[in-house]
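A short write-up of the structure that comes next.
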Amino acid sequence: MERWQNRVAVVTGASSGIGEAIAKDFATTGLRVVALGRRLERLDENRSKLSADLQKRYFTRKCDVTNEAEVISTFEWIEKTLGGTDILVNNAGVSGRGGGNLVTMESDFMDKVLHTNVKGLVYCTKAAYKSMQARKFDGHIVHINSIAGHGIPNVTPGMSFNMYPPSKFCVTAINETIRCELRNLGTKIKTTSVSPGLVRTELSPKEFYDSVGIYLNPEDISQAVLYAVSTPPHVQIHEITVKPVGENF
135 MERWQNRVAV VTGASSGIGE AIAKDFATTG LRVVALGRRL ERLDENRSKL SADLQKRYFT
195 RKCDVTNEAE VISTFEWIEK TLGGTDILVN NAGVSGRGGG NLVTMESDFM DKVLHTNVKG
255 LVYCTKAAYK SMQARKFDGH IVHINSIAGH GIPNVTPGMS FNMYPPSKFC VTAINETIRC
315 ELRNLGTKIK TTSVSPGLVR TELSPKEFYD SVGIYLNPED ISQAVLYAVS TPPHVQIHEI
375 TVKPVGENF
């Protein structure tokens with residue numbers, strides 16, 4: 135991670151779960167971190183738990199990734215305050231829980247999933263690329279995907295992931311599209327998709343994880359991200375799949 139020392143890593147959805155773990159680990163390994171999320175109080179609370187030295191390299195900013203104007207304003211602030219974005223982790227996302235079946239779900243819920251998991255990811259990627267390209271810096275863009283972005287989990291009757299797998303299939307396609315575009319544009323910016331199995335986060339209630347009994351922790355996914363970004367400049371980890379041992383999906 136030597137080449138990333140004091141570089142700037144932006145992590146979306148950093149108020150809890152996977153994003154919180156990644157932001158903390160990035161700061162611990164020597165990066166300056168901008169933790170983004172809709173809940174500024176949670177971001178500030180996470181920062182307060184760090185040592186005084188780490189707090190100096192940990193910045194928080196309220197940002198709703200579904201609002202393109204807010205995304206642009208946030209990345210402009212990063213540019214002016216810290217010099218630009220060197221690593222972007224697109225972690226912000228919502229699940230399909232509570233939306234019912236795809237064939238009967240409300241359009242508002244469908245829009246919420248697509249706007250967060252797909253459009254928000256593209257908004258942030260565009261802003262990060264603009265920063266990297268303006269400085270001719272070969273950075274790294276990481277998308278927190280899902281195993282549901284590669285195959286539809288066979289779930290029990292009465293449960294549906296509805297728009298979640300389609301949105302994550304989009305992330306898989308976006309990751310490959312970006313890889314080809316970055317190559318054709320003559321850059322060496324890397325792009326990586328990290329696809330976890332079930333991770334214990336706030337996306338589902340505690341009782342759900344207790345009933346399943348087999349899951350990953352956010353720190354497991356953070357370690358996969360650290361591995362991907364720590365590779366030499368000529369090595370690109372395009373896809374990482376991480377599953378808990380014994381998972382049925």
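Here the sequence shown is numbered in my numbering, starting from 135 and rising by one per residue.
Quick reminder that beta carbons are idealized off the backbone N, C-alpha and C, glycines included.
Given L332, which residues of its chain have a CB within under 6 Å of its CB, disregarding the five upstream and five downstream residues?
-> Along the sequence shown, read from residue 1 onward, the residue named residue 332 stands at position 198. Cβ contact annotation for L332 (same chain, cutoff 6 Å, sequence separation greater than five): Y349, in chain order.
Of the residues L236, S241, V237, V199, which one's Cα is nearest the Cα of V227?
-> To locate residue 227, count along the sequence shown from 1; it is residue 93. Inspection of the sequence shows that residue 227 is occupied by Gly rather than by Val. Nearest to G227 by alpha-carbon distance, out of L236, S241, V237, V199, is V199.
Could you tell me the distance, in whole angstroms, from the CA atom of N351 to the CA atom of N279?
-> Position 217 of the sequence shown, counting from 1, holds the residue named residue 351. Position 145 of the sequence shown, counting from 1, holds the residue named residue 279. One C-alpha to the other measures close to 15 Å.
Along the chain, which unbroken stretches of the alpha helix (DSSP H) at least 4 residues long are found entirely within the region 184-215?
-> Runs of the alpha helix (DSSP H) inside the region 184-215: 186-189.
Cα separation between T194 and S149?
-> Position 60 of the sequence shown, counted from the start, is the residue given in the question as residue 194. Position 15 of the sequence shown, counted from the start, is the residue given in the question as residue 149. Rounded to the nearest angstrom, the two C-alpha atoms are 9 Å apart.
Beta-carbon separation of H274 and K324 under 8 Å?
-> The count along the sequence shown starts at 1 and reaches residue 274 at position 140. The count along the sequence shown starts at 1 and reaches residue 324 at position 190. Closer than 8 Å, so yes.
CB of M135 within 8 Å of CB of G153, strictly | Position 1 of the sequence shown, counted from the first residue, corresponds to residue 135. Position 19 of the sequence shown, counted from the first residue, corresponds to residue 153. In this structure, G153 does not lie closer than 8 Å to M135 by Cβ.
Range of the contiguous beta strand (DSSP E) that encloses L222 = If you number the sequence shown from 1, residue 222 lands on position 88. Per DSSP, the unbroken beta strand (DSSP E) holding L222 starts and ends at 221-224.
Exposed or buried, which one is D245 when buried takes at least 16 other CB atoms within 10 Å?
-> Within the sequence shown, numbered from 1, the residue matching residue 245 stands at position 111. It counts as exposed.
Three-state class that DSSP yields for S356 in the structure shown = Here residue 356 is taken as the residue at index 222 of the sequence shown, counted from 1. Reduced to three states, the DSSP call for S356 is helix.
Exposed or buried, N235, counting other C-beta atoms within 10 Å across all chains shown (16 or more means buried)?
-> Position 101 of the sequence shown, counted from the start, is the residue given in the question as residue 235. Counting Cβ neighbours within 10 Å, N235 comes out exposed, since fewer than 16 surround it.
To which residues of the same chain is T335 closer than 8 Å at the C-beta, ignoring the five residues directly before and after it?
-> Within the sequence shown, the letter at position 201 stands for residue 335. Only residues of its own chain outside the window of five on either side were considered, and among them S150, G151, I152, P352 have a CB closer than 8 Å to the CB of T335, listed in chain order.
For N140, which of A307, I312, P287, T219 has the nearest alpha-carbon?
-> As a first step, residue 140 is located in the sequence shown; it is residue number 6 there, counting from the start. With distances taken between Cα atoms, N140 lies closest to T219.
Would you call the CB atoms of V376 and V328 closer than 8 Å?
-> Reading the sequence shown from its first residue, position 242 is the one you call residue 376. Reading the sequence shown from its first residue, position 194 is the one you call residue 328. Cβ distance < 8 Å, so V376 and V328 count as in contact.
Output the distance between the C-alpha atoms of R77 and A143, rounded to the nearest integer angstrom.
-> Residue 77 cannot be examined here, being either before or after the span of the chain that is shown, 135 to 383.
Could you check where the alpha helix (DSSP H) with L248 kicks off and where it finishes?
-> The residue given as residue 248 occupies position 114 in the sequence shown. Per DSSP, L248 is one residue of the alpha helix (DSSP H) stretching across 241-248.
Own chain, CB closer than 8 Å to C197, minus 5 neighbours either side, in chain order | To locate residue 197, count along the sequence shown from 1; it is residue 63. Excluding residues up to 5 positions away in sequence, T146, L170, G171, R172, E204, V205, T208 lie with their Cβ nearer than 8 Å to the Cβ of C197 in the same chain.
By Cβ distance below 7 Å, which residues in the same chain neighbour C258 in space, the five residues on each side in sequence not counted?
-> If you number the sequence shown from 1, residue 258 lands on position 124. Taken in chain order, the residues that qualify are T146, V199, V205, L222, N224.
Enumerate in chain order the residues of its own chain whose CB-to-CB distance from Q189 is below 8 Å, with the five nearest sequence positions on each side excluded.
-> As a working note, residue 189 is residue 55 in the sequence shown. So the qualifying residues of the chain are R181, S182.
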